[in-house]
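2 protein chains.
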Amino acid sequence: MSIQRRFDEELAELKQQILRMGSLVEGQIRQALKALVDRDDALAKTVIENDRQVNTMDVAVDEACLELLALQQPAARDLRFITTAMKISTELERMSDLAENICERAIELHEEPQLKPYIDIPLMADRAIKMVGESLDAFVRGDSVLARKVLEEDDYIDELNEQIFRELLSFMMENPKTISRAIRLSFISKYIERIADHATNVAELVVYMVEGKIIRHMTTP
Amino acid sequence: MSIQRRFDEELAELKQQILRMGSLVEGQIRQALKALVDRDDALAKTVIENDRQVNTMDVAVDEACLELLALQQPAARDLRFITTAMKISTELERMSDLAENICERAIELHEEPQLKPYIDIPLMADRAIKMVGESLDAFVRGDSVLARKVLEEDDYIDELNEQIFRELLSFMMENPKTISRAIRLSFISKYIERIADHATNVAELVVYMVEGKIIRHMTTP
Numbered sequence: 034m035s036i037q038r039r040f041d042e043e044l045a046e047l048k049q050q051i052l053r054m055g056s057l058v059e060g061q062i063r064q065a066l067k068a069l070v071d072r073d074d075a076l077a078k079t080v081i082e083n084d085r086q087v088n089t090m091d092v093a094v095d096e097a098c099l100e101l102l103a104l105q106q107p108a109a110r111d112l113r114f115i116t117t118a119m120k121i122s123t124e125l126e127r128m129s130d131l132a133e134n135i136c137e138r139a140i141e142l143h144e145e146p147q148l149k150p151y152i153d154i155p156l157m158a159d160r161a162i163k164m165v166g167e168s169l170d171a172f173v174r175g176d177s178v179l180a181r182k183v184l185e186e187d188d189y190i191d192e193l194n195e196q197i198f199r200e201l202l203s204f205m206m207e208n209p210k211t212i213s214r215a216i217r218l219s220f221i222s223k224y225i226e227r228i229a230d231h232a233t234n235v236a237e238l239v240v241y242m243v244e245g246k247i248i249r250h251m252t253t254p
Numbered sequence: 034m035s036i037q038r039r040f041d042e043e044l045a046e047l048k049q050q051i052l053r054m055g056s057l058v059e060g061q062i063r064q065a066l067k068a069l070v071d072r073d074d075a076l077a078k079t080v081i082e083n084d085r086q087v088n089t090m091d092v093a094v095d096e097a098c099l100e101l102l103a104l105q106q107p108a109a110r111d112l113r114f115i116t117t118a119m120k121i122s123t124e125l126e127r128m129s130d131l132a133e134n135i136c137e138r139a140i141e142l143h144e145e146p147q148l149k150p151y152i153d154i155p156l157m158a159d160r161a162i163k164m165v166g167e168s169l170d171a172f173v174r175g176d177s178v179l180a181r182k183v184l185e186e187d188d189y190i191d192e193l194n195e196q197i198f199r200e201l202l203s204f205m206m207e208n209p210k211t212i213s214r215a216i217r218l219s220f221i222s223k224y225i226e227r228i229a230d231h232a233t234n235v236a237e238l239v240v241y242m243v244e245g246k247i248i249r250h251m252t253t254p
């Protein structure tokens with residue numbers, strides 16, 4: 034097999050690795066929300082446990098990228114694909130940390146009766162998970178139009194987070210007994226907003242990879 | 034000038050770039066705290082404005098790294114130094130975003146009388162800034178002992194954040210009129226904790242760069 038052919042195959046494998054890691058992280062976020070809504074501590078603990086798998090995958094992506102960079106001098110486009118993959122892997126790892134944080138707060142919340150039915154928070158999480166999926170699709174397809182769509186969606190998440198926060202604030206003002214629960218819920222809402230921010234980071238990296246001006250400066254002597 | 038010599042000089046310049054970016058970010062955090070403590074809205078707005086400079090430096094570091102990667106096939110050690118620099122630049126950029134967030138909350142806080150004298154929050158910020166500086170020193174010196182010291186310091190920050198949060202919670206419980214101020218202060222405390230987390234990320238990257246097992250796998254065919 035030619036070195037070029039082998040290199041192309043390894044690039045394709047790197048794409049698959051990112052997609053597998055993305056699926057795992059999407060699953061972590063989905064399960065974290067299920068643990069919150071169903072008040073399921075065992076599930077929350079499983080999600081916390083599974084974060085280790087994501088960390089392992091992050092290291093594996095990093096190793097794969099460094100090997101690809103060392104293997105041969107990649108062309109400008111491949112070079113940016115590989116460095117973008119490294120950065121996306123870090124973003125995904127941070128999202129998984131936030132899924133873990135959601136579960137930690139969920140477990141604490143289960144010590145008291147549920148403050149209110151959870152409607153907006155799962156809705157917000159669904160939108161955030163959609164953004165994660167779309168940003169990764171944009172990466173593997175090199176689709177900056179889809180990436181830009183993800184950037185636009187972030188505003189809606191920020192609005193939802195604001196709305197949830199204001200509602201929780203009114204609970205706290207009316208009845209101080211709700212404060213610790215309301216604060217924990219506002220943290221969870223904030224974690225979801227940060228997950229969407231990481232998806233936005235991924236989308237920005239993709240726009241940069243596809244359209245960025247860096248490629249113009251890249252000259253091999 | 035030989036290609037190797039030029040490459041070494043560009044690596045040295047990359048180190049300087051990271052240090053300059055680090056100084057700017059440390060300054061941003063310091064000024065954000067000053068804006069909070071002195072209730073100085075003009076300063077807060079300057080910090081928010083200056084975040085753009087940090088973003089520009091992040092892009093410049095990225096370009097420099099991609100050019101170095103494209104310039105020649107760097108040896109395993111240089112390769113890891115360059116990819117670590119790219120990642121550190123992202124961490125610094127996120128810290129500057131958090132300095133900006135501190136200023137946004139500070140401006141909101143200035144609409145009401147000060148809730149309490151600020152003692153623990155500036156103390157915590159000093160420790161976080163120290164961690165940022167040490168983690169960058171560890172990077173430029175390739176000093177994993179210093180990097181590990183930074184990792185240990187993060188526990189103290191987490192404890193301080195917990196303590197501040199508990200104190201603010203008691204304010205909220207006793208007097209609902211303090212809730213919005215106390216929540217904003219708890220956000221600021223959380224932002225500082227996240228700045229320390231980013232310094233911890235930098236330190237982990239350095240340990241990985243210096244001691245990591247990745248280098249063992251790196252073979253050029």
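Which chain is which? The protein sequence lines are F and G, in order. Heads up: the first sequence begins at 34 in this note's numbering, then just goes up one per residue. Heads up: the second sequence begins at 34 in this note's numbering, then just goes up one per residue. We put the beta carbon where it would ideally sit given N, CA and C, even for glycine.
Inset, instruction - Determine, using beta carbons only, whether Thr211(F) comes closer than 8 angstroms to chain G. - result: no
Legend entry - is_contact[Arg113(G), chain F] using C-beta, thresh 8 angstroms: yes
Inset, instruction - State yes or no: is the beta carbon of Gln61(F) nearer than 8 angstroms to at least one beta carbon in chain G? - result: Not one chain G Cβ lies under 8 angstroms of Gln61(F).
Legend entry - Gln86(G) at chain F interface by Cβ criterion, 8 angstroms: no
Inset, instruction - Please state whether DSSP places Asn208(F) in a helix, a strand or coil. - result: The answer is coil: DSSP assigns Asn208(F) none of H, G, I, E or B.
Legend entry - Inter-residue Cα distance where the pair is Ser129(G) and Glu226(F): 19 angstroms
Legend entry - From Ile36(G), Arg38(G), Gln37(G), Ile51(G), residue whose alpha carbon lies closest to that of Arg174(G): Of the listed residues, the one whose Cα sits closest to Arg174(G) is Ile51(G).
Inset, instruction - Quick one: residues in its chain with C-beta nearer than 7 angstroms to the C-beta of Glu145(F), no 5 flanking neighbours on either side, listed in chain order? - result: Arg214
Legend entry - Best match in Asp41(F), Asp91(F), Asp84(F) for proximity to Ile135(F) [C-alpha to C-alpha]: Ranking the options by Cα distance to Ile135(F), first place goes to Asp84(F).
Inset, instruction - Run the CB neighbour count on Ala139(F), radius 10 Å, all protein chains shown included, and call it buried at 16 or more, exposed below. - result: buried
Legend entry - N- and C-terminal bounds of the alpha helix (DSSP H) containing Lys78(F): Per DSSP, Lys78(F) belongs to the alpha helix (DSSP H) from 74–104.
Legend entry - Among Leu179(F), Val94(F), Ala75(F), Leu201(F), the one whose alpha carbon lies nearest that of Glu141(F): Ala75(F)
Inset, instruction - Go ahead and label Ala13(F) buried or exposed: buried means 16 or more other beta carbons lie within 10 angstroms of its beta carbon, across all protein chains shown. - result: Residue 13(F) lies beyond the residue range present for chain F, which begins at 34 and ends at 254; the question has no answer from this structure.
Legend entry - Same chain only: Cβ atoms within 7 angstroms of Glu126(F), ignoring 5 sequence neighbours per side: Val87, Asn88, Asp91
Legend entry - Residue-chain proximity (Lys149(F), chain G), Cβ-Cβ < 8 angstroms: no
Legend entry - Proximity below 8 angstroms, CB of Leu47(F) to CB of Cys98(F): yes
Inset, instruction - Identify the contact partners of Met119(G) in chain F, using a Cβ-Cβ distance below 9 angstroms as the criterion. - result: Thr116, Met119, Lys120
Inset, instruction - Run down chain G in chain order and give the residues with a C-beta less than 7 angstroms from the C-beta of Thr123(F). - result: Lys120
Legend entry - Rounded distance between the beta-carbons of Leu156(F) and Phe204(F), thought under 8 angstroms: That pair is no contact at about 18 angstroms.
Inset, instruction - To the nearest angstrom, report how far apart Glu185(F) and Val178(F) are at their CA atoms. - result: Between Glu185(F) and Val178(F), the C-alpha separation is close to 11 angstroms.
Legend entry - C-beta contact flag for Gln196(F) and Asp153(F) at 8 angstroms: yes
Legend entry - Expected contact under 8 angstroms - CB spacing of Glu167(F) and Lys182(F) to nearest Å: 7 angstroms
Inset, instruction - Please go through the same chain and pick out, in chain order, the residues whose beta-carbon is closer than 6 angstroms to the beta-carbon of Phe198(G), but skip the five residues on each side of it. - result: Ser219
Inset, instruction - Examine chain G for any beta-carbon lying closer than 8 angstroms to the beta-carbon of Gln106(F), and answer yes or no. - result: Yes, Gln106(F) lies at the interface with chain G (some Cβ there is under 8 angstroms from its Cβ).
Inset, instruction - Starting from the beta carbon of Met205(G), find every residue of chain F whose beta carbon is closer than 8 angstroms, and list them in chain order. - result: Met205, Pro209, Ile212
Inset, instruction - Classify Ile221(F) as helix, strand or coil using the three-state DSSP reduction. - result: It is helical.
Inset, instruction - Could you check if Tyr189(F) is buried or exposed, using at least 16 other CB atoms within 10 Å of its CB as the buried criterion? - result: Exposed, because fewer than 16 other Cβ atoms sit within 10 Å of the Cβ of Tyr189(F).
Legend entry - Sub-8 angstroms separation of Ala171(G) and Ala236(G) beta-carbons: yes
Inset, instruction - Tell me whether the beta-carbon of Glu133(F) lies closer than 8 angstroms to the beta-carbon of Ile81(F). - result: Result yes, Cβ atoms of Glu133(F) and Ile81(F) sit closer than 8 angstroms.
Inset, instruction - For the region 187–203 of chain G, enumerate the residues whose C-beta is nearer than 9 angstroms to any C-beta of chain F, in chain order. - result: Phe198, Leu202
Legend entry - Distance between Pro209(G) and Arg217(F) (C-alpha atoms, nearest Å): 17 angstroms
Inset, instruction - Have a look at Leu202(G) and Lys223(G) and give me their C-alpha separation to the nearest angstrom. - result: 14 angstroms
Inset, instruction - Return the residue from the list Glu200(G), His143(G), Thr233(G) that minimises the CA-CA distance to Ile162(G). - result: Thr233(G)
Legend entry - Top-ranked residue by Cα proximity to Val165(G), from Leu101(G), Gly60(G), Asp111(G): Gly60(G)
Inset, instruction - Along the alpha helix (DSSP H) that carries Ser122(G), what are the first and last residues, could you check? - result: From DSSP, the alpha helix (DSSP H) with Ser122(G) extends over 109–142.
Inset, instruction - Count the other C-beta atoms from every protein chain shown that fall within 10 angstroms of the C-beta of Gln64(G), then say buried if there are 16 or more, exposed otherwise. - result: buried
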